[in-house]
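In terms of this note's numbering, the sequence shown has 1608 at position 182, counting the first letter as 1, and numbering is strictly consecutive.
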Amino acid sequence: MAHVGALPRIHRYITTHDNQGKAVFSHKFDEESKMKAHEDGIAFALSFATKGSPVDMDDDADLRVYEGYTKDPPGLVISGGTVLRHVDIPPQTACTMHRTVSLDYGAVIEGEVELLLDSGESRTMKRGDVAIQRGTMHQWINHSSADWARMLFVLQESKPLRVAGEALGEELAGMAGVRSST
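Okay, structure coming up:
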């Protein structure tokens, strides 16, 4: 399952300000957001990340925070921050059923993906569809026999979720290439 060339390269453009206060594009990072494939074939790109709320952008402080995460990648979620991540899912591949302690916006930008919940309910998501993932156990599945799928996620840490009196924590079940956010 080769990933190189399966989907278009991702270009992200980060803006900043010059010495006169004019908006310019930052040259601190390559404009291509690089995908990294894991042993299950699913590839991730950490396209941006922040720490703190509100985000401190004075003197490009947020760019320095992101630079640190490019050298030492975070878990799926950043405590007190946000994560912008692209995820490529190979044909006939499913990620592990998992839960994060976060509010996630997941948009399909290429292909088709099934969102399966631990209750057995599911939805087939097509390009342009968005899931608002609220701390539930879920799995992403690409059923296509030939086509890759790409999703764009924005994750924001949430307060620990309590359902029926029980605290629900992060559950990654050994998800390939992903470390705990805690």
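Don't be surprised by glycine CBs; every beta carbon is placed ideally from N, CA and C. For clarity, every value in this text was computed on a predicted model and none was experimentally measured.
In the three-state reduction of the DSSP assignment, residue 1555 falls in the coil class, being assigned neither a helical nor a strand state. Pairing residue 1588 with residue 1453, the inter-Cα distance amounts to about 43 Å. Residues of the same chain with a CB within less than 8 Å of the CB of residue 1461, apart from the 5 flanking positions on each side, are 1429, 1436, 1469, 1470, 1471, 1512 and 1514 in chain order. Taken through DSSP and simplified to helix, strand or coil, residue 1543 comes out as strand.
In this structure, residue 1520 sits away from residue 1582, with a CB-CB distance that is not shorter than 8 Å.
Annotated three-state conformation of residue 1527 is coil, per DSSP. Close CB contacts of residue 1570 within its chain, under the 8 Å cut and outside five residues either way in sequence, are with 1517, 1518, 1537 and 1538 (chain order). In the structure shown, the three-state DSSP call for residue 1477 is strand.
A check of alpha carbon separations from residue 1508 across 1600, 1590 and 1584 identifies 1584 as the nearest.
Here DSSP, grouped into helix, strand and coil, assigns residue 1498 to coil. Shown here, residue 1493 sits in a helix according to DSSP, grouped into three states.
The stretch 1529-1536 and the stretch 1554-1561 touch, with no fewer than 3 CB-CB distances between them shorter than 8 Å.
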